[in-house]
Every structure is written in structure tokens, then in C-alpha cells.
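Peer 1: This is the structure I have questions about; it appears just below.
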Amino acid sequence: MVGSPVEEIKNRLDITDVLGQYLKLQKAGANMRALCPFHSEKTPSFFVSPGRQVWRCFGCGEHGDIFSFVMKIDGVEFGDALRALAQKAGIELKRQSPFFERMQTERKQLSEVVEWAARFFEKQLAESKTGEAVRQYLLERGLTEESIAKWRLGYAPESARSLLDFLKTKGFREDQASRAGLRVLVEGQPFDRFRSRVMFPIQDQNSQVIGFGGRIFGEKAKDKTIAKYLNTANTPLYDKSRVLYGLDKAKLEIRKQDHAVLVEGYVDAILASQAGSENVVAVSGTALTVFHLKILKRYSPNLFLSFDMDLGGDVATRRGIDLAIGEGFSVKVVSMPDGKDPADVVAKNPELWKKALEGVKSIFDFSFDTALAKFDKTKPEGKKAIASSFLPLVKRIPNRIEQSHWISRLADELEVKEEDVAEELKRLPEEAAVPVLGDDSPLARAEQKPRKKLLEERALVLLFRKPSLLEELKDADILLFSIPLQEVLEGMKKNPQLDFKTFETLFPQETTESLKYVALRAEVESWEKEEDEEEQALEFKGCLSELQKLDLKEKLDTIAKEIKRAEELHDDKKVKTLMEEFQMLSRNFHLSH
């Protein structure tokens, strides 16, 4: 019987081969270890178990199999991870839906079209006479030859059909070029969409070309009726509201640094990356959208905004801030010196860019400074405008002390009473609940497990390390554990030498999946430090003692609720019985402390 595609992929791919393409794995006993890609650390706490085909970071708590790893590190959904791993495994995914198969076939064909287009543009930049002038222009803007190659920049010739004619030689039809966003009709005649433009290929998270951005070049740049920038229209491959330029190159660094830097332009992103900021992405020819933010949130909840600081850039920054806060981001703003855009700053002096990143402002400092710079605080109407601009943001702050700080600062700047500013703040309508987030580390974001679950897992780790501890486990002790684990412990007591493969056949998948990580932890601990049987026995007894206390507390809470219900029903007899039971358990509880 043929297994599911997921099972086939897991059988064909070894977890160390898959993760080894992303991480530098080192031998650690029977397992492998590496620096965790999901949080910053100096000592490796990320372990991979080849035997169980699972991974876990004992620093931040992230864990899973090859699918969950690819989903998390590439920021993709399960379907995308399935397709990527199926391709690695050489497995063809079958779908029942003819519509789905047609759609997949078309996407594959269009991917080939835009890839050949990218190669054509690259060749024009490298070999044509005009391409030489374009290359010189790019170098003068501060780009290096390495960046031009890394970002696959190109040039679209001025002639009307150069790309269409080239694609025809590769066997593509003109309707396919149209569907890929590369062909337009002018008075009924087909032409290349991009002509006389510097070309910026836009790639998806897997570095596949899906569209293009083109900047006008040469004599046509003088024609004010021609758009300076032109993007691929939405196609089955490309939707500008859902694509971030450079994310394929930045995603790992965003995770590592735990923040993304968002800029507006292609050249902004390239030059910032060239200056060492590998965690920079750009919006792709559109305003920042909620979809962009949801994609970025997969990698980090921290965002540095660096939009052009002209009037339009200022508005875009404020709009981006509102959207990002709404999506739960901790937002900071990178202010450019002299109102320049990031590309100008980096090209002039990369150190100025680095200094700007070091001096990022919180959204409150930025908004405060912006409001003071925009309006005249010496005039009544200016004071009113500054307050109207800044106070709605202060209204969102959940902490009263922090609110008070900004009320005080605003009152000082406007030379008015704090009570008056506070009164104006009260008059503002309640905003929709939008959290203003502070700094939070990956460890703080890790899933918080209940105390009982932590104690159960710790006790199991000790049992895996030292099976002889099972002899000290009484039937009453087993009842302290959750029901699925009671069955596991009973099975372990009956056969202490049971190997894990046999183990997996005896219990539900949900139980054995969690036990894989417990067993991995036990192996890692045994590898990292010498066995101290006395210390392990003491720790195991401590776990059982803590579990007993939690069990008693849970019973006391349950009886307390029952007493309350009995009192409401005026059932004095039941109240008396429950009170006696409560007092007896309470004595046991205090004796155990």
C-alpha cells in the first residue's frame, strides 16, 4: 500500500540533509547540533535527532519535523513546504482536481517565461552597447558589480519587440508573455511592456523570478509623461500587495537579528544590503499592505521603518506605523539625515546609514518630533495641531505611567498645563484596542507550558536517562500524571528496556510525538554531562513531590467550588461534608510544603 505524500517524503529525505542546507550541523553524540536559526544565541542549543527525524531548540522551545522546519525558516504555508520537499525528494504530487492541475501547469510555464525574460535582461545589461551605459549609471549610483550580479539587474532595450522576439525563439507564445505581464497592446499592436528601462527582477521567497520592476533610462527619462517606475501588473505569479522585494535574501537575517528593516525602493534595499544590512526588504511598487506585514510577522514581530522623508514619505511612514501596530508589531522608525532617502544616504556614506539604524526612534519619539517640526508651537493653532497629531497615539498606550510621561513632555513643549493636555486626551474617542508592544525576546515569545506539563516532561527525561528510577515509581505516583502519560508509565514499568520504535506502535501518535522530544532531551543531557545517579534520583523525587502538591491544590480548588455551589443551594449537610474533606486535604497540603 502506497503511503501518503508526507510519509513518502519523510522516508526519502533525511532530516540532517534537509536542515544541513540551512544550518552548520555538528555531531553531538547520537544527534546533531547547531546554533538556533530562530533566536540569537552563542552556545548551540538546537538539536537534531536522525533516529527520530525530529529537531528541537532547548533555548527557545521551537521544535518539529522537516515540514515544520521549512515552514518556519522559509515563512511559508504547509502546501508550499510540501511542494518544495516533494521536489527535493523527487516525488510528483498528484491532485484530483483538473482545475488545480491546469493552474499548476500554467504557473510552471509562466515561471519559465519570466526566468527567460530575466536572463534576457541580464544579457542586455552585460553585452549591449546601451547596457554598458546603464551599468555605468548603476555604478555611479553606488552599486557594486557584485550587487548587480546578486540582484540579477538587467536592461530592457528601447526597441518595441526585442523581448517578445527572444521569447518566441525559446518556444513561448505571445499570449503566455501577456499572462506573465511582459506584453502590452498599443493601438492593437503587441509590444514589450518594458522598454528602455533598468530592470529589477522581483523574486519570491524561494528566489524564483515572478515579476519585474523597471526604472526609465536614457532619453525617455526626460519625458515627464512617462512613468519613472513601471511594475509587472498582477499575474498568476505576482501580486504586488503580497510580495516584498529582497525577502528571499533577507529572511534568515531577519530571524537572526529579530527585526526587519523596511524601505520603499529597489535601490534602497540593494544599497542597504550592500552596506551590511542583510535584513532589509522593500515594498514592491505599492504602499505597505496588511499582507506584507503578515508575511514579515512570520520572521519577526519587530519592524524598523525607513521610508523617504519627503512629504509623501512622511505620510507613508505614518500609514505604515498604523498598519504595523494593528498587526501587533513593535515599530521603530529610522530617520534619514537631511530628509534624504536611504539610497542617497548609503551611496554617500554607508556609515551614516549604520548610524541612523543605531539611532532608531520609537514610534512615539518619531511622531512627537514630526509633529513639532511640522507645526508652529508658538501659535495657538500650531499648539492645537501638534496635540491633535500626537495625542491619538498616546491614547493607545496601555501604561498610565508612560502616558503621563508623554503628557508631561507635550505640556512642556507647548508651554501649557499638564492638566489641560490630560483633559484633551480624555476627550478623544476610545481607539480600537491596538497593542503598543515593547521589546520582547524569542524566549519570552516561546510557548509557556503549564507547571504540571513541565514537571511531567522533566520526570520523563530522568526516566529515559535512568530507567532504574521506575522501581521507585508507585502506582499512586503514576496517578499524578495526565491520563495519556499514565498509560506510558505503566508500559515502561512493565518493560523498562522497551526500545522507542516498539514504543511508537503501542501508544497514540499524539503521545509518541511529544515523547520524541523528551527522548531527544534525555540523549542530549546524557551526552553533555556525566551521569550522577544520586542527583538524578533526588531530582526525580522532587518532581514527584511537586506533582503531588499540584494534585492536592487542584483537588482543593475543586472542593472549594463545590462548597460555594452547596452554599448557594443551602445544602448544609453537603457543605459540612465538603468542609471536612477540604480541611483534611488542606492539612496534607501544608504538610507537603
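If you read the sequence shown in my numbering, its first letter stands for residue 28, the second for the next number, and so on.
Note that the Cβ used here is the ideal one computed from N, Cα and C, for glycine as well.
1. Return the chain-ordered list of same chain residues with a C-beta closer than 7 Å to the C-beta of Ser31, the five sequence neighbours on each side being excluded.
2. In its own chain, which residues sit with a C-beta less than 7 Å from the C-beta of Ala374, not counting the 5 before and 5 after it?
3. Suppose you measure from the CA of Glu451 to the CA of Val161; what does that come to, to the nearest Å?
4. Measuring straight from C-alpha to C-alpha, what distance separates Gly409 and Phe402?
5. Select from Asn233, Ile253, Glu595, Gln114 the residue whose C-alpha is nearest the C-alpha of Arg242.
6. Could you compute how far the alpha carbon of Ser435 sits from the alpha carbon of Lys444?
7. For the ligand MG, is there any heavy atom lying closer than 8 Å to the beta carbon of Ile413?
8. Please name the residue in Val290, Ala302, Ser311 whose C-alpha comes closest to that of Ser268.
9. Below 9 Å between beta carbons: does that hold for Glu35 and Ile118?
10. Quick check on the DSSP output: the beta strand (DSSP E) that includes Ile175 runs from which residue to which?
11. Could you say which of Gln136, Ile93, Glu280 lies nearest to Phe65 if we only look at CA atoms?
12. For Ile237, name the three-state secondary structure that DSSP assigns.
13. Between the stretch 514-521 and the stretch 53-68, can you find at least three pairs of beta-carbon atoms closer than 8 Å?
14. Who are Lys359's beta bridge partners in DSSP?
15. Does the Cβ-Cβ distance between Ile100 and Gln80 come in under 9 Å?
16. Do Phe356 and Leu320 come within 9 Å of each other at the CB atom, strictly closer than that value?
17. Taking C-alpha atoms, which residue in Asp250, Thr262, Asn261, Val307 lies nearest to Gly273?
18. Thinking Leu574 and Phe609 are a contact (beta carbons under 8 Å), I'd like their distance in whole angstroms, please.
19. Taking its Cβ as the centre, do 16 or more other Cβ atoms sit within 10 Å of His90, making it buried, or is it exposed?
20. Is the separation between the beta-carbon of Leu330 and that of Leu289 shorter than 9 Å?
21. With 16 as the cutoff for other CB atoms within 10 Å, does Asp285 come out buried or exposed?
22. Return the CA-CA distance between Leu482 and Cys570, expressed in angstroms with no decimal places.
23. Exposed or buried, Ala400, counting other C-beta atoms within 10 Å across all chains shown (16 or more means buried)?
24. Answer yes or no: do Arg416 and Ala398 have a C-beta to C-beta separation smaller than 9 Å?
25. Run the CB neighbour count on Ala309, radius 10 Å, all protein chains shown included, and call it buried at 16 or more, exposed below.
26. Tell me the rounded alpha-carbon separation between Arg478 and Ala549.
27. Among the candidates Lys249, Val361, Val141, whose CA atom is the shortest distance from the CA of Ala287?
28. When the Cα atoms are used, what is the spatial distance from Leu418 to Ile424?
29. Using the Cβ count rule (16 or more neighbours within 10 Å means buried), how would you classify Thr259?
30. Alpha carbon to alpha carbon, what distance is there between Gly102 and Arg325?
31. Among His597, Ala587, Asn426, Glu154, whose alpha-carbon lies nearest the alpha-carbon of Met611?
32. Taking a contact to mean a Cβ-Cβ separation below 9 Å, would you say Val140 touches Phe227 in this structure?
33. What is the residue span of the beta strand (DSSP E) that Ser76 lies within?
34. First and last residue of the beta strand (DSSP E) that includes Leu257?
35. What number of angstroms, rounded off, separates the C-alpha of Glu552 from the C-alpha of Glu484?
36. Determine the DSSP secondary structure at Cys570, reduced to helix, strand or coil.
Peer 2: Once the coordinates are examined:
1. Locating residue 31 in the sequence shown gives position 4, where the first residue counts as 1. For Ser31, where only same-chain residues beyond five positions count, there are no Cβ hits under 7 Å.
2. Against the sequence shown, residue 374 aligns to sequence position 347. Arg168, Gly169, Leu298.
3. Locating residue 451 in the sequence shown gives position 424, where the first residue counts as 1. Locating residue 161 in the sequence shown gives position 134, where the first residue counts as 1. If you draw a straight line from the Cα of Glu451 to the Cα of Val161, it comes to about 56 Å.
4. Taking the sequence shown and counting its residues from 1, one reaches residue 409 at position 382. Taking the sequence shown and counting its residues from 1, one reaches residue 402 at position 375. Taking the Cα positions, Gly409 is about 5 Å away from Phe402.
5. As a position in the sequence shown, residue 242 is number 215, starting the count at 1. Cα-wise, what sits closest to Arg242 is Ile253.
6. Numbered from its first residue, the sequence shown carries residue 435 at position 408. Numbered from its first residue, the sequence shown carries residue 444 at position 417. Between Ser435 and Lys444, the C-alpha separation is close to 9 Å.
7. With respect to small molecules bound, the structure shown includes none, and the ligand MG cannot be examined in it.
8. One-based indexing of the sequence shown puts residue 268 at position 241. Here the closest residue by C-alpha is Ser311.
9. One-based indexing of the sequence shown puts residue 35 at position 8. One-based indexing of the sequence shown puts residue 118 at position 91. Taking a C-beta distance under 9 Å as the contact criterion, Glu35 and Ile118 qualify as a contact pair.
10. For the purposes of this step, residue 175 is identified with residue 148 of the sequence shown, where counting begins at 1. First-last for Ile175: 172-177, but that is the alpha helix (DSSP H), not the beta strand (DSSP E).
11. Within the sequence shown, numbered from 1, the residue matching residue 65 stands at position 38. Ranking the options by Cα distance to Phe65, first place goes to Glu280.
12. Residue numbering aside, residue 237 sits at position 210 when the sequence shown is read from its first letter. It is a strand residue.
13. No, they do not touch.
14. The count along the sequence shown starts at 1 and reaches residue 359 at position 332. For Lys359, which the question treats as bridged, DSSP gives the partners Phe331, Ser389.
15. Here the question's residue 100 lines up with position 73 in the sequence shown. Here the question's residue 80 lines up with position 53 in the sequence shown. Not a contact, by the Cβ cut-off of 9 Å.
16. In the sequence shown, counting from the first residue as 1, residue 320 sits at position 293. In the sequence shown, counting from the first residue as 1, residue 356 sits at position 329. A contact, by the Cβ cut-off of 9 Å.
17. As a first step, residue 273 must be located in the sequence shown, where it is residue number 246. The shortest C-alpha separation from Gly273 is found at Val307.
18. For the purposes of this step, residue 574 is taken as residue 547 along the sequence shown, with counting starting at 1. For the purposes of this step, residue 609 is taken as residue 582 along the sequence shown, with counting starting at 1. For a cut-off of 8 Å, the C-beta gap from Leu574 to Phe609 is around 21 Å, too long to register as a contact.
19. As a position in the sequence shown, residue 90 is number 63, starting the count at 1. So His90 ends up on the buried side.
20. On the sequence shown, residue 330 is found 303 positions in, with the first residue counted as 1. On the sequence shown, residue 289 is found 262 positions in, with the first residue counted as 1. Going by C-beta atoms, Leu330 is nearer than 9 Å to Leu289.
21. Mapped onto the sequence shown, residue 285 falls at position 258. Its Cβ being crowded by 16 or more others within 10 Å, Asp285 is buried.
22. Along the sequence shown, one-based indexing puts residue 482 at 455. Along the sequence shown, one-based indexing puts residue 570 at 543. So the two alpha carbons sit approximately 6 Å from each other.
23. What you label residue 400 is simply residue 373 of the sequence shown in a count that begins at 1. By the Cβ neighbour-count rule, Ala400 is exposed, with fewer than 16 other Cβ atoms within 10 Å of its own.
24. Mapped onto the sequence shown, residue 416 falls at position 389. Mapped onto the sequence shown, residue 398 falls at position 371. Arg is not the amino acid found at residue 416; the sequence shown has Ser there. Less than 9 Å divides the Cβ of Ser416 from the Cβ of Ala398.
25. By 1-based counting over the sequence shown, the position of residue 309 is 282. Classification of Ala309: buried, given that the 10 Å Cβ count is 16 or more.
26. The residue given as residue 478 occupies position 451 in the sequence shown. The residue given as residue 549 occupies position 522 in the sequence shown. Approximately 19 Å between the Cα atoms of the pair.
27. Position 260 of the sequence shown, counted from the start, is the residue given in the question as residue 287. Measuring from the Cα of Ala287, the nearest candidate turns out to be Val361.
28. Position 391 of the sequence shown, counting from 1, holds the residue named residue 418. Position 397 of the sequence shown, counting from 1, holds the residue named residue 424. Here the alpha carbon of Leu418 sits roughly 10 Å from the alpha carbon of Ile424.
29. Here residue 259 corresponds to residue number 232 of the sequence shown, with the count starting at 1. Under the 10 Å beta carbon count, Thr259 is surrounded by 16 or more other beta carbons and is classified as buried.
30. To locate residue 325, count along the sequence shown from 1; it is residue 298. To locate residue 102, count along the sequence shown from 1; it is residue 75. So the two alpha carbons sit approximately 6 Å from each other.
31. The sequence position of residue 611 within the sequence shown is 584, counting from 1. The shortest CA-to-CA distance from Met611 to any of His597, Ala587, Asn426, Glu154 is the one to Ala587.
32. As a working mapping, residue 140 is identified with position 113 in the sequence shown. As a working mapping, residue 227 is identified with position 200 in the sequence shown. Phe227 sits away from Val140, with the two beta carbons spaced by 9 Å or more.
33. Against the sequence shown, residue 76 aligns to sequence position 49. Taken as a continuous stretch (DSSP letters only), the beta strand (DSSP E) holding Ser76 covers 73-76.
34. Your numbering for residue 257 matches position 230 in the sequence shown. Segment 256-258, the beta strand (DSSP E) holding Leu257.
35. Locating residue 552 in the sequence shown gives position 525, where the first residue counts as 1. Locating residue 484 in the sequence shown gives position 457, where the first residue counts as 1. When rounded, the distance between both Cα atoms is 14 Å.
36. Locating residue 570 in the sequence shown gives position 543, counting from the first residue. DSSP places Cys570 within a helical segment (H, G or I) once states are collapsed to three.
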